[in-house]
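Written below as structure tokens is the structure these notes are about.
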Amino acid sequence: MTFEKHFKSYEENAIVQKKVAKKLAHFLTDLDKSPKTILEIGCGTGIFSREIVEHFPKASLSLNDIFDTSAFLSGLHYQEFILHNAETMSLKSYDLITSSGCFQWFYDLQSFLKKIAPKTDCLIFSMFLEDNLKEIKQHFQISLDYPSVSDTIHNLRKSYPCVEYQEEIFTLEFPSPLAALRHLQATGVTGIGETNIHKIRSYPHKTLTYRVGYFKAKRY
Numbered sequence: 004m005t006f007e008k009h010f011k012s013y014e015e016n017a018i019v020q021k022k023v024a025k026k027l028a029h030f031l032t033d034l035d036k037s038p039k040t041i042l043e044i045g046c047g048t049g050i051f052s053r054e055i056v057e058h059f060p061k062a063s064l065s066l067n068d069i070f071d072t073s074a075f076l077s078g079l080h081y082q083e084f085i086l087h088n089a090e091t092m093s094l095k096s097y098d099l100i101t102s103s104g105c106f107q108w109f110y111d112l113q114s115f116l117k118k119i120a121p122k123t124d125c126l127i128f129s130m131f132l133e134d135n136l137k138e139i140k141q142h143f144q145i146s147l148d149y150p151s152v153s154d155t156i157h158n159l160r161k162s163y164p165c166v167e168y169q170e171e172i173f174t175l176e177f178p179s180p181l182a183a184l185r186h187l188q189a190t191g192v193t194g195i196g197e198t199n200i201h202k203i204r205s206y207p208h209k210t211l212t213y214r215v216g217y218f219k220a221k222r223y
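In structure tokens:
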């Protein structure tokens, strides 16, 4: 994962991530009450942050990322930017904690879910799942480890009486296999640059498949 090197190209090339943010925003629309305090974990360049502000313009929004992406958030109304690793930072309580396309990168997601459960009555997030970018994994033999859906739902149900889950597959088509690899490079999410040039040149696929899970857990 090399997001910090690709933030400028990420916004333009994050096609799936933008679709996921739009879909995840639908999970915000049927809350019983509008949250007054919100924490977004892994805000990146603000793709999902803008959706949050659109839905809850009066809320006090705290944005977090492990990298300083505040330069990309100009014009966005938010309370504070927290530059920290979410897994290790201390957390205040929020009406809503949310995240889009970030949790799959966590070292120990299940422990983190236990950590944040006492801090919010509503947790809404998306993350990429097993078989995401399966073409890359198969050709380059890259180990792409993703959190278990069953473990995630099981741990959420320990803390939240109401847990919802949906899944979605996105397939992007490109004019050539090289264009597909360049797209991944622009979004900074693979380690294919560490492989030999022959492997890169022999990559055969013009498509990339993304598998996304949407989770909503609440106590009310």
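Numbering-wise, my numbering comes out as the position in the sequence shown, counting from 1, plus 3. All C-beta atoms, glycine included, are put in the ideal place defined by N, C-alpha and C.
- Item | First through last residue of the beta strand (DSSP E) which encompasses residue 129 | 125-131
- Query: Grouping DSSP H, G and I as helix and E and B as strand, with all else coil, what is residue 77?
  - Reply: coil
- Task: Return the residue from the list 133, 144, 201, 161 that minimises the CA-CA distance to residue 213.
- Result: 133
- Task: Can you tell me the Cβ-Cβ gap for residue 186 and residue 177, rounded? I've got them flagged as a contact below 8 Å.
- Result: 6 Å
- Message: Taking 8 Å as the cut-off, does the segment 115-127 touch the segment 214-221 (at least 3 CB pairs, one atom from each stretch)?
- Response: yes
- Query: Do you know offhand how far residue 40's Cα is from residue 67's?
  - Reply: 14 Å
- Message: Checking the sheet assignment: what are the DSSP bridge partners for residue 218?
- Response: 128, 168
- Looking at the unbroken beta strand (DSSP E) that takes in residue 44, where does it start and where does it end? 40-44
- Task: Specify, as a first and last residue, the run of the beta strand (DSSP E) that residue 85 falls within.
- Result: 83-86
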